Structures are given as structure tokens and as C-alpha cells.
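Residue 1102 in this note's numbering sits at position 209 of the sequence shown; the count goes up by one each step and never skips. Report on one structure; see the data block that follows.
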Amino acid sequence: MKKSGRRNQEAAPWWVIPLDMAMIGLAMLLAYLFRYRLQWFKDVVYDAPLLAYLPFGGIFVTLIPFMLALDEGYRDWRGRSWLDHVYRIMNAVAKALVLVLAIAFISRPLIYSRLLILEAGAVMFLLLSLDRALVLALQSRLRRRGIGVKRVIIVGAGEVGRRVMRTIVARPDLGYEIVGYIDDNPEKGKGELGRFKGRGSIDDLACVIDDENVDEVLVTLPWNQQRRILSVLRECERRNVAARIVPDFFQLSLRQVEISDLGGVPMINVYEIAFSRTALLFKRIMDVVVASLGLTLGAPLWGLIALAIKLDSPGPILFRQERVGSQGHHFYIYKFRSMREGAEREMERLQELNEADGPLFKIHDDPRLTRVGAFLRRTSLDEFPQFWNVLKGDMSLVGPRPPIPAEVAEYQPWHKKRLVVPGGMTGLWQVSGRSELTFDEMVLLDLYYIENWSPWLDLTILLRTIPKAFLGEGAY
């Protein structure tokens, strides 16, 4: 729900419309050059000056931005995908193209080339789609640097609230900064969830808004707390702060929700989040191909690493450890040994040095690391024997980090949802901070990955992993 009609919608930057108009004008110029100077597709019969197409150019320049505005193409930009922009651009260009072609057909002047008009429409679509990609990339870069970021407070720390948190953690390009959350449950309201701190109960909302300079309030309370929801909305109204309500049907665990209609009657469709057979096949094929290439092409490097490990310290080359995979399946994971022999037996003695929260165990500059092992850890080369786990089907290239059984024993119920898919060599957790993340933040990212999986997301994570792994960002 958006506060006061459209006040909560974020418009496009003021310069986007002039940029669109410039792209449309450039498209007309390029189409003229293609048709009359390069004579693409068909020889020119009647030559015509560029000025002859000025009226059509004027129609395009005026009509396409107008169509985009009617389709809300310049509104509610925060969170809108590039593909959504492309769809609206295609729709606007197609409508304008039909109108201009109709005018050209009715007027029937031989001087006008209808092929040029079609070419102009195609170039307009391409240039406008490109300019949207550049604008979105610029906005994303600025938001990652803290420019144009909205400070938000989340009201309610239940399943819906956590879903909002994991989306914001996984998508810094959206430009939201969570200053904390409030909840009437004392344990939640005064607790912590990763980096997010409880700011008290809902009665403290007014103070939090003033103290934290909040721009927007996201209400994630269940519908049976209507009175509390109304009190939150009234408080936001008094302080002129935007408020949005996240419907509590999103608390349906690991289910997707979409809105449709039946003859004008709004309907809510709920379905299980599950990878289709085609998607699973694609994911498995990619796993097998990449793992096979990694094992074969990397064999000379693996040999050098094995030799370095043997020369550096006594003990086996590979380290084997029991992990928990999809649906609780136990398997053994393989790594190049990076610690001295018997390092696992020293964990209890080093527990006071543990820098990780939750069930994780991590120490910066771990004293158990060997000289070669420290390098392998920093560059993530110790992980490469896991290609064998991927080839066997125990793991995938991308997915949640597979935990050890002792960690799973300490999981809260919502943590266990990350075990519904195979673990991965890399994941959102690795490209979003790795060792700097708290355990709860890692789980939030894993659940976001599960709920939003696509082949494109896997490919994006793999491409982002390469520089982060070899530069050692966040690894220890």
C-alpha cells in the first residue's frame, strides 16, 4: 500500500525524458543514413532530404515519451528491472510506429520511405533500451556508494520482515539502508538480526523516525494486527514519512505469490517455489560442464598446489569433512589442506578467538594455517577440489554454503530453509561480503537466492565470484 496515492512512487531523474528525446532524434538520423547513404536492404528509388522526415521525427519525439508516461514508464523506478523498462519501451515504440506508418500510408507521398520508418522504430527501441541500461547502471553504482539511498525502518521482525531484509541485503542497487526494526515481541525488539538492530517496540516508532532520520517505513505486521498497522500509518502521516505495507501472505514459506484477476476481480495465486525439470537440467548440465573443465584444465595447477602442500607441512594433501547438503543429505566435502594436521581438534581451545556469530567458527589470521594454506585460503584455491563434489552431484556450482552437522544442530527453524537446495561452491554470500557477513545475513542471502533463482542469477554470481576469489576480498 502506498501512502497518499502516488507520493511514495519515485520518479525517474528529470533528465531521462530529454535523454529519451535525444535518443529518438538520433535514431531518426541513423535510420536516414542507413536508408539513403548506405542503402541497406533495398536500393533507393526517390531521394529525399533529411528535413522531409522532420514531421515524422517530431511525432516520434513527442509521442513515445507521452506513451511511456501513460504507461508509468517514468514513475516508480526504484526496484524496477531493466526488462520491465524494455517491455514498456517496446510497447510505446510499437504504438508510435503504427501511427506514423498509418499517416505515411494515408498521405501516400512517394518521397517518404516506409522502410526508413521501420528502421527508425527498430533503432529507437535499441537506443532507448541501451539508455535505460546505462541509467540503471549509473543509479546502481551511486546507490552502492550511498548516494540516493533511502533510510528505512521495518515494523515487524517475523517471516515477512526477514524476507524484506534479505531482499534489501541481496539488492544494494535498490538503494535502501535498513536502520533497524521494531517489534512488540521484547526478544525481537531488543535483539539483533545480523547487522540489523532491534529499536524497541512499535510504541517507539516516533522516536526512531526522529532519531534515525527515517525516509520510509515498511510495515510487515500480520493482518490480524490491524489496529497496530493503523497506528503506524497515523504516526507516519503525522511525521510526513512514507509508509508501505507488505501483505502478510508473503509469509507463506518458500512460496511465490502473484496477482492476477478473474473478470476484474483481483486474485492471489500462491504456488510452491520449485525449480522446473528444465531448470534443474540446465543447472546440472552447467555444473557438469564447468566442473569437468575445472578438473581437466586445472590439473597442472592442482599438481603444483599438491606439491607445495607436501613440501610445506606434513599431512595429507586433501582435507575431507562431513557436510549437510540438500534435504539433510550428508556427504564428504573435499578441499586442499590449508591447516596443520589435527587442526580440528584445536577448535575448542581456540573458541575464545572465534570472530563469527551464530554457529560459525572463523578466526582472522587463524594460527592453524600453514604458509601455503594461508595463500590458498586468501585466493580460494583450497576450494577447487570441490569440483569433484559438483561432478558427483553432492553440490552445485552456485548455492548456499553447505554446513557441518554441528552447525545445523544450532539452527533456528527459519535457518533450515537454506537446506532445501544443494549447497554450492559459491553463492550470494560469497559475492556480497564473504567473511564480513554475520550468520543471519548469510542465511538471508541464501533464502533470497532460493526464492529468486534463475540461470541468469547463477551466471551473474559465477562471474562476480572470479575477481572476488582471486583478489581475496573478505576471505580468511
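Backbone N, C-alpha and C fix where the C-beta goes; we use that ideal spot for every residue, glycine too. For clarity, every value in this text was computed on a predicted model and none was experimentally measured.
Nearest-angstrom Cα distance between Phe1254 and Leu1337?
By one-based count along the sequence shown, residue 1254 stands at place 361. By one-based count along the sequence shown, residue 1337 stands at place 444. Rounded to whole angstroms, Phe1254 to Leu1337 spans 18 Å at the Cα level.
Can you give me the C-alpha to C-alpha distance between Ala904 and Val1324, rounded to a whole angstrom?
One-based indexing of the sequence shown puts residue 904 at position 11. One-based indexing of the sequence shown puts residue 1324 at position 431. Ala904 and Val1324: Cα-Cα distance of roughly 30 Å.
Along the chain, where does the alpha helix (DSSP H) that runs through Ser1124 open and close?
Position 231 of the sequence shown, counted from the start, is the residue given in the question as residue 1124. From DSSP, the alpha helix (DSSP H) with Ser1124 extends over Gln1119 to Arg1131.
Go ahead and label Val991 buried or exposed: buried means 16 or more other beta carbons lie within 10 angstroms of its beta carbon, across all protein chains shown.
As a working mapping, residue 991 is identified with position 98 in the sequence shown. Val991 is exposed by the Cβ-count criterion.
How close, in whole Å, do the beta carbons of Gly1068 and Lys1043 come, if the pair is a contact with beta carbons under 8 Å?
Here residue 1068 corresponds to residue number 175 of the sequence shown, with the count starting at 1. Here residue 1043 corresponds to residue number 150 of the sequence shown, with the count starting at 1. Contact holds; Cβ gap of about 6 Å.
How is the beta strand (DSSP E) around Glu1052 delimited, first residue to last?
What you label residue 1052 is simply residue 159 of the sequence shown in a count that begins at 1. Not the beta strand (DSSP E): Glu1052 falls in the alpha helix (DSSP H), residues Glu1052 to Ala1063.
Given that a residue counts as buried once 16 or more other Cβ atoms are within 10 Å of its Cβ, and exposed if not, what is Ala995?
The residue given as residue 995 occupies position 102 in the sequence shown. Exposed, by the Cβ-count rule.
Tell me, which residues are paired with Val1048 by DSSP?
Along the sequence shown, read from residue 1 onward, the residue named residue 1048 stands at position 155. According to DSSP, Val1048 bridges with Ile1075 and Val1112.
Taking the CB atoms as reference points, tell me whether Phe1229 and Glu1215 lie closer together than 9 Å.
As a first step, residue 1229 must be located in the sequence shown, where it is residue number 336. As a first step, residue 1215 must be located in the sequence shown, where it is residue number 322. Cβ atoms of Phe1229 and Glu1215: not closer than 9 Å.
Please go through the same chain and pick out, in chain order, the residues whose beta-carbon is closer than 7 Å to the beta-carbon of Phe1280, but skip the five residues on each side of it.
By 1-based counting over the sequence shown, the position of residue 1280 is 387. Cβ within range, chain order: Ala1184, Gly1187 and Leu1188.
Among Leu961, Asp1108 and Val1314, which residue has its Cα nearest to the Cα of Ile1343?
Here residue 1343 corresponds to residue number 450 of the sequence shown, with the count starting at 1. Closest by alpha carbon: Val1314.
Along the alpha helix (DSSP H) that carries Val954, what are the first and last residues, could you check?
Residue mapping note: residue 954 aligns to position 61 of the sequence shown, counting from 1. Val954 -> alpha helix (DSSP H) spans Leu947 to Leu963.
Using the DSSP secondary-structure output, state which residues sit across from Ile1138 in a beta bridge.
Translated into the one-based positions of the sequence shown, residue 1138 becomes position 245. Answer is Val1112, bridged to Ile1138.
Less than 9 Å between the beta carbons of Trp950 and Met921, yes or no?
Residue 950 sits at position 57 when you count from the first residue of the sequence shown. Residue 921 sits at position 28 when you count from the first residue of the sequence shown. In the sequence on display, residue 950 carries Gly and not Trp. Going by C-beta atoms, Gly950 is nearer than 9 Å to Met921.
Return the first residue and the last residue of the beta strand (DSSP E) that Tyr929 is part of.
Working through the sequence shown from its first residue, we reach residue 929 at position 36. It is not in any beta strand (DSSP E) - Tyr929 carries neither H nor E in the DSSP assignment.
DSSP three-state label for His1223, please.
Here residue 1223 refers to the residue found at position 330 when the sequence shown is read from its first residue. Three-state result, His1223: strand.
Where does Met1240 fall in DSSP's three states?
Position 347 of the sequence shown holds residue 1240. Reduced to three states, the DSSP call for Met1240 is coil.
Measuring straight from C-alpha to C-alpha, what distance separates Thr1331 and Val1062?
One-based indexing of the sequence shown puts residue 1331 at position 438. One-based indexing of the sequence shown puts residue 1062 at position 169. One C-alpha to the other measures close to 12 Å.
Could you give the C-beta distance for Ile1122 and Ile1138, rounded to a whole number, given that I count them as a contact under 8 Å?
Numbered from its first residue, the sequence shown carries residue 1122 at position 229. Numbered from its first residue, the sequence shown carries residue 1138 at position 245. Between Ile1138 and Ile1122 the Cβ distance is about 7 Å, and since that is below 8 Å, they are a contact.
Secondary structure at Thr1319, three-state DSSP: helix, strand or coil?
On the sequence shown, position 426 is the one that residue 1319 refers to. Correct three-state label for Thr1319: strand.
Using 8 Å as the Cβ pair cut-off and three pairs as the minimum, do the stretch 1033–1051 and the stretch 1101–1120 touch?
Output reads yes: the stretch 1101–1120 touches the stretch 1033–1051.
By Cβ distance below 6 Å, which residues in the same chain neighbour Arg899 in space, the five residues on each side in sequence not counted?
Taking the first residue of the sequence shown as 1, we reach residue 899 at position 6. Unreliable positioning characterises Arg899 in this predicted model, as indicated by a pLDDT of 40, which lies under 50. The coordinate reading is nonetheless provided below. Cβ within range, chain order: n/a, list empty.
Note down, in chain order, each residue of its chain lying with its Cβ closer than 7 Å to the Cβ of Ser897, except the 5 sequence neighbours on either side.
Here residue 897 is taken as the residue at index 4 of the sequence shown, counted from 1. For Ser897, the predicted model reports a pLDDT of 40, less than 50, meaning its position is unreliable; a value from the coordinates is still stated below. Within the same chain, Ser897 has no close Cβ partners at all.
Using the Cα positions of Glu1070 and Leu923, report the straight-line distance between them to the nearest angstrom.
Your numbering for residue 1070 matches position 177 in the sequence shown. Your numbering for residue 923 matches position 30 in the sequence shown. Distance between the alpha carbons of Glu1070 and Leu923: 43 Å.
If we call anything under 9 Å between Cβ atoms a contact, is Leu1355 one with Thr1319?
One-based indexing of the sequence shown puts residue 1355 at position 462. One-based indexing of the sequence shown puts residue 1319 at position 426. Taking 9 Å as the Cβ cut-off, Leu1355 and Thr1319 qualify as a contacting pair.
Can you list, in chain order, the residues of its chain with a C-beta nearer than 6 Å to that of Phe1212? Leave out the 5 residues immediately preceding and following it.
Within the sequence shown, residue 1212 is the residue found at index 319, counting from 1. Contacts found: Lys1228 and Arg1230.
Output the distance between the C-alpha atoms of Ala1302 and Leu1312, rounded to the nearest integer angstrom.
Numbered from 1 along the sequence shown, position 409 holds the residue referred to as residue 1302. Numbered from 1 along the sequence shown, position 419 holds the residue referred to as residue 1312. Each residue's alpha carbon lies about 13 Å from the other.
List the DSSP bridge partners of Ser1289.
For the purposes of this step, residue 1289 is taken as the residue at position 396 of the sequence shown. According to DSSP, Ser1289 bridges with Gly1317.
Just to confirm, are Pro1260 and Glu1234 a CB contact at a threshold of 9 Å?
If you number the sequence shown from 1, residue 1260 lands on position 367. If you number the sequence shown from 1, residue 1234 lands on position 341. No; because the gap between Cβ atoms is not below 9 Å, this pair is not in contact.
List the residues that DSSP assigns as beta-bridge partners of Tyr1069.
The residue labelled residue 1069 in the question sits at position 176 within the sequence shown. Its beta-bridge partners are Lys1043.
How would you call Tyr1374, buried or exposed, if buried means at least 16 neighbouring beta carbons within 10 angstroms?
Since the first and last residues shown for the chain are 894 and 1369, residue 1374 lies out of range.
Got a sec? Which residues, its chain only, sit under 8 Å from Asp1104 by beta carbon, not counting five neighbours each side?
Position 211 of the sequence shown, counting from 1, holds the residue named residue 1104. Correct list: empty, nothing qualifies.
Buried or exposed for Leu1147, please, with buried defined as at least 16 other CB atoms from any protein chain shown within 10 angstroms of its CB.
Within the sequence shown, the letter at position 254 stands for residue 1147. At Leu1147, the pLDDT of 46 sits below 50, so the modelled position is not reliable; the number obtained from the coordinates is stated separately. When all chains shown are included, Leu1147 counts as exposed.
Quick check on Val1107: does DSSP put it in helix, strand or coil?
Here residue 1107 refers to the residue found at position 214 when the sequence shown is read from its first residue. Val1107 falls in the coil class under three-state DSSP.
Output yes or no for whether 9 Å exceeds the beta carbon distance between Thr1263 and Ile1202.
Locating residue 1263 in the sequence shown gives position 370, where the first residue counts as 1. Locating residue 1202 in the sequence shown gives position 309, where the first residue counts as 1. In contact: Thr1263 and Ile1202 (Cβ atoms closer than 9 Å).
Out of Val1265, Trp1195 and Arg1242, state which residue places its alpha-carbon closest to the alpha-carbon of Pro1278.
Residue mapping note: residue 1278 aligns to position 385 of the sequence shown, counting from 1. Of Val1265, Trp1195 and Arg1242, the residue nearest in Cα terms is Trp1195.
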